[in-house]
Amino acid sequence: MADYDLAIIGGGLNGVSIARDAAGRGLRVILLEQGDLGAGASSASPRLIHGDLANLERRHFLRVRSALAERDVWLRIAPHLVRAMRFAIPAHSDERPAWQLRSWLLLYDRLASRSGLPASATVDVTHHPVGNALKRPFGTAFEYSDCVVDDSRLVILTAVDAAARGAVIRTGARCTRAERGKEWRLVTKDRGFRQIVTARAVANATGAWTPSVAETVLRVPPPKVAAVQMDQIVVRRLFDSDNVYVFQNSDGRLIFASPYERDFTLIGTASHAFKGDPAIVAMAAGDVAYLCDAANRYFRERIETVDVVRTLSGANMVRNPAGRLSPRDGAITLDYGRGKAPLITVFGGDVTTSRLRAERAVTKLAPFYPMSARWTANAPLPGGDFAWDRFDNEVDEVRERWRFLGEDQARRLFAAYGSDAKAILGDARERGDLGPSFGPELTGAEVRHLMSKEWARFPDDILWRRTKLGLTMPPADREALGAFMAEFMATSCAGAK
Ligand SMILES: Cc1cc2nc3c(=O)[nH]c(=O)nc-3n(C[C@H](O)[C@H](O)[C@H](O)COP(=O)(O)OP(=O)(O)OC[C@H]3O[C@@H](n4cnc5c(N)ncnc54)[C@H](O)[C@@H]3O)c2cc1C
Numbered sequence: 154m155a156d157y158d159l160a161i162i163g164g165g166l167n168g169v170s171i172a173r174d175a176a177g178r179g180l181r182v183i184l185l186e187q188g189d190l191g192a193g194a195s196s197a198s199p200r201l202i203h204g205d206l207a208n209l210e211r212r213h214f215l216r217v218r219s220a221l222a223e224r225d226v227w228l229r230i231a232p233h234l235v236r237a238m239r240f241a242i243p244a245h246s247d248e249r250p251a252w253q254l255r256s257w258l259l260l261y262d263r264l265a266s267r268s269g270l271p272a273s274a275t276v277d278v279t280h281h282p283v284g285n286a287l288k289r290p291f292g293t294a295f296e297y298s299d300c301v302v303d304d305s306r307l308v309i310l311t312a313v314d315a316a317a318r319g320a321v322i323r324t325g326a327r328c329t330r331a332e333r334g335k336e337w338r339l340v341t342k343d344r345g346f347r348q349i350v351t352a353r354a355v356a357n358a359t360g361a362w363t364p365s366v367a368e369t370v371l372r373v374p375p376p377k378v379a380a381v382q383m384d385q386i387v388v389r390r391l392f393d394s395d396n397v398y399v400f401q402n403s404d405g406r407l408i409f410a411s412p413y414e415r416d417f418t419l420i421g422t423a424s425h426a427f428k429g430d431p432a433i434v435a436m437a438a439g440d441v442a443y444l445c446d447a448a449n450r451y452f453r454e455r456i457e458t459v460d461v462v463r464t465l466s467g468a469n470m471v472r473n474p475a476g477r478l479s480p481r482d483g484a485i486t487l488d489y490g491r492g493k494a495p496l497i498t499v500f501g502g503d504v505t506t507s508r509l510r511a512e513r514a515v516t517k518l519a520p521f522y523p524m525s526a527r528w529t530a531n532a533p534l535p536g537g538d539f540a541w542d543r544f545d546n547e548v549d550e551v552r553e554r555w556r557f558l559g560e561d562q563a564r565r566l567f568a569a570y571g572s573d574a575k576a577i578l579g580d581a582r583e584r585g586d587l588g589p590s591f592g593p594e595l596t597g598a599e600v601r602h603l604m605s606k607e608w609a610r611f612p613d614d615i616l617w618r619r620t621k622l623g624l625t626m627p628p629a630d631r632e633a634l635g636a637f638m639a640e641f642m643a644t645s646c647a648g649a650k
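Converting from the sequence shown to our numbering requires adding 153 to each position, the first position being numbered 1.
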């Protein structure tokens, strides 16, 4: 008998979502990720949970409605990671006329009829806080509701939930070769060691690697796809209001500027065709300048390319090189035959619809195994067992219990771990009980939690994916963090022997 019912190659959002769905339906699951979870495109998304105004403009109304229904699901199952925000789109006559924007947003409200979020509204920016950061010529803006998500933590907590339901998650495990018969036999290089895994079905969820994994590892015809790169920049905070700004750029694209990790602003996206190794996706200087220029058309505070503190770039596949489908359209295919164990291929798609995509992908395996019904729409992710509109009250309760925490620290911990923050804070009565500090916020207790429960192995896994504290951590603290992690790893390995 095969070791597993399903082996998933790729630990991005698509892979971990499939792992969670399948494990919860009773399948024996293993997920193989060559590096860290979410290190590919999944930690470089625009972080939006939305119906997507661009899809409204393309008249894909059913798609918008389905994405807005998923937005409600995310608020229900991940209220710590997903935040409802007011999005502000300044109106000006040379792009889409104001009447058109207003009618889009009224339709957007209608398509989100079940949501408890406030409806869209017209605001006079000369007298509204939204206008404080904007250049003068804008008189009117429209506000509407949508959500932002911590994309890389979504990947991690989805994997944590998959593991809690029995999935085996292997990071640092690259699938190098596969033989296909009535079942799959996969060869992996797992932290330097050759391992063999057998499975009744395989899911190729390797994002921008999909065609090369198909061709060279699984040895099946690669899907007809093109790679697209997506880029964003991070600059110091450009505005105080808790809004996401949506700008209509002169080329017709919508550019988003959202609050990022308290002291920063994320601006994106630029996208274009991608060629090369998906492990090295770098942002071109021209794209950095493009996003700075877009922001400078609207914000009072000017930014130059030297103000960019970080760039975020990812690549993924689009199904139709001619561009008829947007990068947000995911694709799922199933291939099987006599003596050919099933192969599911899933690539692309946006964060908003990732849960649904995984559900559809796993359901395709239903003819091959007994499995229980769909379940993920109603089961909270770890730490998400509270109502989204109680987020502030929950943070207050954390501060009440662990009085030594500052407002910002309590908020960050709760946004990252939800009610599971207590697993880190434990019985601590003062800051020193949480172990050594790395920078103003990270403690030894959190690092140990991330290494023992969330597969963190290297400083970057913590500084850029499980947290974003890399933005502010001084170099000396990073070094100390590296030494602490190496020591913790050595002690855990010695303890395991
Ligand atoms: C141009 C573009 C625009 C986008 N726009 C949006 C948007 O507007 N809104 C939105 O929400 N999302 C958007 N996305 C989607 C989002 O960023 C990701 O595509 C999504 O998170 C799904 O990623 P994934 O899991 O398919 O791929 P990835 O996150 O890249 O994961 C693939 C994983 O497979 C692993 N892997 C590869 N080969 C092997 C192997 N041999 N063995 C083991 N592991 C392997 C890699 O290390 C990687 O971690 C966009 C993406 C792109 C590229």
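Just so it is clear, CB atoms sit at the ideal spot from N, CA and C, and this is done for glycine as well.
Computed from a prediction, not measured in an experiment: that's the story for all the values here.
Do residue 227 and ligand 1 come close, with the Cβ less than 7 Å from some heavy atom? Against the sequence shown, residue 227 aligns to sequence position 74. Every heavy atom of ligand 1 is 7 Å or more from the Cβ of residue 227, so no.
Through-space distance from residue 215 to residue 417, alpha-carbon basis: Counting from 1 along the sequence shown, the entry for residue 417 is found at position 264. Counting from 1 along the sequence shown, the entry for residue 215 is found at position 62. So the two alpha carbons sit approximately 35 Å from each other.
Same chain, Cβ closer than 7 Å to residue 232, neighbours up to 5 away in sequence not counted: As a first step, residue 232 must be located in the sequence shown, where it is residue number 79. Only 537, 539, 540, 541, 544 meet the Cβ criterion.
Cα-Cα separation, residue 188 to residue 278: Taking the first residue of the sequence shown as 1, we reach residue 188 at position 35. Taking the first residue of the sequence shown as 1, we reach residue 278 at position 125. Spanning the two alpha carbons is a distance of roughly 46 Å.
Helix or strand or just coil, what does DSSP make of residue 620? Residue 620 sits at position 467 when you count from the first residue of the sequence shown. In this structure, residue 620 counts as coil in the three-state DSSP scheme.
Please indicate yes or no: does the CB of residue 511 lie closer than 7 Å to some heavy atom of ligand 1? Residue mapping note: residue 511 aligns to position 358 of the sequence shown, counting from 1. Outside the cutoff, so no.
Applying the criterion that 16 or more other CB atoms from any shown protein chain within 10 Å of the CB defines a buried residue, is residue 436 buried or exposed? Counted from its first residue, the sequence shown places residue 436 at position 283. The residue in question, residue 436, is buried, as its Cβ has 16 or more Cβ neighbours within 10 Å.
Backbone CA spacing between residue 593 and residue 624 [nearest angstrom]: As a working note, residue 593 is residue 440 in the sequence shown. As a working note, residue 624 is residue 471 in the sequence shown. Using only the alpha carbons, I get a separation of about 12 Å.
Beta strand (DSSP E) segment containing residue 435, residue limits: Walking along the sequence shown from the start, residue 435 turns up at place 282. In the DSSP annotation of this structure, residue 435 is not part of any beta strand (DSSP E), being labelled neither H nor E.
At a cut-off of 7 Å, would you count residue 264 as near ligand 1, judging by its Cβ distance to the nearest heavy atom? As a first step, residue 264 must be located in the sequence shown, where it is residue number 111. No, Cβ of residue 264 sits at least 7 Å from all heavy atoms of ligand 1.
DSSP three-state assignment for residue 162, whether helix, strand or coil: As a working note, residue 162 is residue 9 in the sequence shown. Residue 162: strand per DSSP, three-state reduction.
Mark residue 243 as exposed unless 16 or more other C-beta atoms lie within 10 angstroms of its C-beta, in which case mark it buried. Position 90 of the sequence shown, counting from 1, holds the residue named residue 243. By the 10 Å Cβ count, residue 243 comes out buried.
What did DSSP end up calling residue 384 once you bin it into helix, strand or coil? In the sequence shown, the residue the question calls residue 384 occupies position 231. In the structure shown, residue 384 sits in a strand (DSSP, three-state: E or B).
Among 489, 639, 344, which has the Cα closest to the Cα of residue 333? As a working mapping, residue 333 is identified with position 180 in the sequence shown. Closest option to residue 333, Cα to Cα, is 489.
Suppose you measure from the CA of residue 420 to the CA of residue 398; what does that come to, to the nearest Å? By 1-based counting over the sequence shown, the position of residue 420 is 267. By 1-based counting over the sequence shown, the position of residue 398 is 245. A straight-line Cα-Cα distance of about 9 Å links residue 420 and residue 398.
Taking 6 Å as the limit between beta carbons, can you name the residues of its chain near residue 109, skipping five residues before and five after? An answer regarding residue 109 cannot be provided, because it is not within the stretch 154 to 650 covered by the chain.
Does the CB of residue 522 have a neighbour CB from chain D at under 8 Å? The structure shown has no chain D; it contains just one protein chain.
In three-state terms, what does DSSP make of residue 309? Counted from its first residue, the sequence shown places residue 309 at position 156. If DSSP states are grouped into helix, strand and coil, residue 309 belongs with the helices.
Complete runs of the beta strand (DSSP E) confined to the segment 404-465 [at least 3 residues]: 407-413, 417-426
Check residue 522 in the structure and name its three-state DSSP category. Looking up residue 522 in the sequence shown gives position 369. Three-state result, residue 522: coil.
Quick one, which of 296, 446, 526, 522 has its alpha-carbon nearest residue 402's? Against the sequence shown, residue 402 aligns to sequence position 249. Ranking 296, 446, 526, 522 by Cα distance to residue 402 puts 446 first.
Check whether the segment 627-636 and the segment 452-472 are in contact - that is, three or more C-beta pairs closer than 8 Å. no
Quick check: residue 183 and residue 350, are their CB atoms within less than 8 Å of each other? Here the question's residue 183 lines up with position 30 in the sequence shown. Here the question's residue 350 lines up with position 197 in the sequence shown. Yes, these two residues count as a Cβ contact at 8 Å.
Distance check for residue 620 and residue 548, CA to CA, integer angstroms please. The count along the sequence shown starts at 1 and reaches residue 548 at position 395. The count along the sequence shown starts at 1 and reaches residue 620 at position 467. One C-alpha to the other measures close to 18 Å.
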